[in-house]
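Remarks on the structure that follows.
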Amino acid sequence: MMIGTRLRHPAILIMLLIAVCLPSPHAASAASAEGAGQRADDVSIVVGLAQRTTFVGQPVRCQIVVSGSRDPSPPTIPPTPGLDWEFMGGQDRSSSSVSIINGRRTERRSESYVFVYSITPEQAGRFEIPPVTVMVNGSPVQSKPVFLTAEPPSEREDLKVRVAVDHTEPYVGEPIELTVTLYLRRPVQRPTFRLPGLDDQFEVHGGRVAGGSSEGKIALLGVEVPAVRGSSRLDGLEYNTYTMSCYLVPLTAGRQELGPMTLACDIVVREGIGFFDSDVTETAVVPSNVVMLNVQPVPADGKPANFTGLVGRYRVSSSARPTEVNVGDPIVLTVQVQAEGPVLRQPDIRLEDQPGFADAFRVSDTQSEPTSKGGTLTYEFTIRPQSESVTAIPGIELPCFNTETGAYETVASDPIDLTVRPTRVVTANDAISSGGQRDSAGATGVEVSDVSEGIAHNYTAPSEVLVNQAFDLRSAVLTSPAAIAVLAGPPVAYVLCALWFVAGKSEERRRMARRRARALGRARQTIRNRPDESLGDVSRAVRGYLADRFDVVESALTTEECVRLAREVSPEAAGRLAHVLAACDAAEYGGADQGEGAGSSETVRRDALEALAQLDRSRGTRTGSGRARTTVSSYTGAVMLIAGVLCCLLTMPRTAAAQTRDSIDRTGAEQLLAHANEVFNQAIETRKTDPTDARAEFLESIDVWNRLVDETGIVNGRLYYNIGNAYLLAGDVGHAIANYRRAQRYERGDANLAANLDYARRQVATRIELEVEARIRHTLFFWHYDWSPQARFRVFLILFACAWCWALVHLWWPRIIGGGGSGTADRHRPILWPAFVIGCVSLTLFGSLAVEEVTLRSQSGQEAVVIRSTEGRKGPSEIGYEASFSEALAPGVEVSIEATRGDWVLVKLRDARATWLQREDVEVI
């Protein structure tokens, strides 16, 4: 902006002043680092309850806040009979702030840690929570006692719970089916069922769909069970019902009181009307009826030595493949256990203890976990016959207690016929003569084809995995010397050159301004001071005025040129000047009479003065220097706009990954990486013999890699790729796809990553195709979806520099080819629109980065993956809203989060359908 010009960008100037006043992010981080090791002298503990009055069975959130320490030991909870404590997690809530007022810098720091518990009253009354003790620096610190009042649950007309069992006199270990019916007249949210004394007296197992079709799953006594919707009358009122069932296995004998079960939930009093209007709810806790059980012990007399606790009627069947083998060849023996009711307890079947197995077969040391499907337990064993004399696989015996007869019995499968051939010794001659068939060229004719199954290898080198690829737009713009040079250099160079060019012509412009200012006065003086002269002086005065006004040579002005210049300013004045010049030419060259009338000398002079006055009052056209100033002003405005964008970036918070980008402990990171690689490789070897142990080792390697991310702040696409591989080999498709998608954000051109992600997507049970509009969008905006943020930023810098360099060439062109701004140089000046096109393309890439940055920081629009099988609902509640789809969404389904409401999120599937899911069922990428 030139001195003396009017301020045209006050808002941008204000942003620049704000940016200057802001503290440097490096200074702030340094100040934070200085005080990191300080601790407050006073440490206090406060126990806070979300509410002081609750109902029996309704959890209350409890926070134990330790002020003055950021790493205290876990608190010691004193015994509180009647209250059930459950630890929910902890969080460091230390903070620091820096303020600068009138140049004075003030730093405030607070250290605190919060332990979160869930307290559930198991009986009514007023409970005292004694002082809680926390060890801080080896010294105990106690809180003050607090009190919690639990009121008994009460019956409601709009909400009732009823429980029933299929039989009331079971044996110990015999499953009984518990059916829970929920009677509703209003929708409810977050239902929680509790049954006092359940953990000590019963085992809880999932139930079945009790008639009708399932409307989703509900957590019932700690297990997910299907719920069937219906309607029924109770106490003369009509209710909507949800029926659920689970199985209880009694652990102790005697008369037992089952109930009352309590249901704690939020009843929807009024549903939200608009998108941003949430439901109005009230908390309710209601009791159920009580069921009496008489649990009988199994008799001690006649109990087999190998009895495993099975109570009921069972059947055992077995199959083998193959049944014709050589001595020592492996045979897969499949054993299936079925019952008339549910098979809830897994009997420990040891083939070594079965009759006829120890001497005839060698049993593999490793055994996979049995699988349960449709009420059938399936075991798989690997056995090898030890001699050709083995002719059958013995039947599998299983002792159980038959509740109908009241006696023990042994059920067994049928023997399986087996043909075992002796093993033949292979000699060297056999090996020589066993060559394969060869073609005419002497090479084996085997065609090699690609295999689409399986995953590609991990990345293990520190140079590949320990490179921090975290991208933060603010840091990339403000902390990279190359980016600063590209973004600031060309625009500033252009403005300086333009200002220099304009300043170089200041004297010429002042001379031209003085000439234009005196033009009308000189013309008037010439016309008025020579009234007796011929009209030739009027013509010369008009031409002199136009020459002074438009800075042209007077002798080069013809009548037509004078009229053209005047018409550019005022067409009306140009018409009058045309008549004046025509009259002057007629009088001077044609000998016309200058007497009275329209063509008299006095009339022509008067018309000339009025036309010149009108012309002088009109706004003139811009000269070449004016156009230059306009161009300079436009580009100066562009530079100010860039400065404003940089100010906005300066005020944006840095991401955590960007803040730790340069503070990585290289040695510690390499040790964690080596440990994770070692555990992963061990899991690969274990997977050949024991898939269960291998899964545990895969999960351990994932924990180490996640420690690497958490402790070092490294964000690397190949690191997330390794985590995705481990999850996929562990059988967790949802977490695998989530980590592959994270890796894709930083490694979008990696062929192994693309192949593994495609393979993982083929494992997802729910197939949802990408909508056509999304495919078109991905094709049109390929740079946003296919280029990594680093690649887009580099291309943006290149195009940005090219646009400004083109503008510089356009500005310097008259001086490059000579002419000092002559008309010939201007006519051959390069066109300017390519610079605008290139600049627009670069700004498009910058906008793509900004949109991605805003999306990552916002709560909506984020990409996510379903990590466990879940039912999509039409509203944010398990009860009161129908299921969105006929089937549950399988792990691995990719969604985008559209809105959040409490513990629920509204997601959009890849085919644009929407549904509500619980927040814990999805993982944000």
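Letter by letter, the sequence shown follows residues 1373 to 2297 of this note's numbering.
Glycine included, each C-beta is placed from N, C-alpha and C at the ideal position.
Cβ atoms of Phe-1733 and Arg-1717 stay farther apart than 8 Å, at about 26 Å. By the 16-neighbour rule on beta-carbons within 10 angstroms, Met-1633 is buried. Annotation: Tyr-1614 to Asp-2275 spans about 21 Å, alpha carbon to alpha carbon. Approximately 6 Å separates the beta-carbon atoms of Val-1428 and Gln-1495; this is inside 8 Å, confirming the contact. In this model, Leu-1850 and Ser-1466 are separated by some 28 Å (Cα to Cα).
Between Arg-1936 and Leu-1871, the alpha-carbon positions lie close to 32 Å from each other.
When beta bridges are read from the DSSP output, Pro-1771 appears opposite Thr-1782. Here Tyr-2112 is buried. Its C-beta has 16 or more other C-beta atoms within 10 Å. Burial check for Cys-2212: the Cβ neighbour count within 10 Å stays below 16, so the residue is exposed. Closest in alpha carbon position to Met-1616, among Leu-1606, Val-1641, Gly-1588, Glu-1643, is Gly-1588. Between the alpha carbons of Phe-1843 and Met-1884 lies a gap of roughly 54 Å. Here the C-alpha atom of Gly-2103 lies approximately 41 Å from the C-alpha atom of Gly-1454. For Pro-2248, the CB contacts under 6 Å within the same chain, skipping 5 residues up- and downstream, are Arg-2273, Trp-2276, Trp-2288 in chain order. Residue Phe-2070 holds the alpha-carbon nearest to the alpha-carbon of His-2047 among Phe-2070, Leu-1550, Arg-2059, Val-1535.
Under the three-state reduction of DSSP, Glu-2083 is assigned to helix.
The Cβ atoms of Ile-1703 and Val-1709 lie no closer than 8 Å to each other. The closest CA to that of Leu-2080, considering only Gly-2089, Ser-1759, Thr-1553, Gly-2040, is found on Gly-2040.
Excluding five sequence positions before and after Ala-1692, the CB atoms of its chain that fall closer than 6 Å to its own CB belong to Ile-1703, Leu-1705, Ile-1765, Ile-1788, given in chain order.
In this structure, Ser-1441 sits away from Val-1418, with a CB-CB distance that is not shorter than 8 Å. With respect to the 8 Å criterion, Val-1552 and Leu-1592 are classified as neighbours on the basis of their beta carbons. Fewer than three Cβ pairs drawn from the segment 1535 to 1550 and the segment 1507 to 1521 lie within less than 8 Å of each other, which leaves the two stretches out of contact.
The beta strand (DSSP E) runs of length 3 or more contained entirely in the segment 1516 to 1582 are, from start to end of the chain, 1518 to 1523, 1531 to 1537, 1548 to 1556, 1560 to 1566, 1574 to 1578.
Contact between Val-1858 and Ala-2173 holds: their C-beta atoms lie close to 5 Å from each other, under 8 Å.
Here Asn-1698 carries a strand assignment [DSSP, helix/strand/coil]. As the crow flies, the alpha-carbon of Gly-1947 is around 13 Å from that of Ala-1955. Closest in alpha carbon position to Asp-1456, among Ser-1759, Leu-1567, Glu-2072, His-2182, is Leu-1567. Below 8 Å, enough C-beta pairs join the segment 2208 to 2226 and the segment 2167 to 2184 to call them touching: three or more.
Within its own chain, the residues whose Cβ lies closer than 8 Å to the Cβ of Ala-1784, once the five positions on either side in sequence are excluded, are Val-1688, Gly-1767, Ile-1768, Glu-1769, Leu-1770, listed in chain order. Sequence-distant partners of Gln-1573 (beyond 5 residues in either direction) whose C-beta falls short of 8 Å from its own C-beta, in its chain, are Pro-1622, Leu-1623, Thr-1624, Gln-1628. Distances from the alpha-carbon of Ala-2260 to those of Tyr-2099, Val-2223, Val-2136, Glu-2270 put Val-2136 closest. Looking at the backbone, the Cα of Pro-1727 and that of Glu-1523 are separated by about 60 Å. If you draw a straight line from the Cα of Glu-1752 to the Cα of Pro-1714, it comes to about 20 Å.
The C-alpha of Val-1976 lies about 19 Å from the C-alpha of Ala-1891. In the structure shown, Leu-2142 falls within a coil segment according to DSSP collapsed to helix, strand and coil.
Linking Phe-1922 to Gln-1986 through their CA atoms gives a straight-line distance of about 16 Å. By the criterion of a C-beta distance shorter than 7 Å, Lys-1675 is surrounded in its chain by Tyr-1780, once the five residues flanking it on both sides are discounted.
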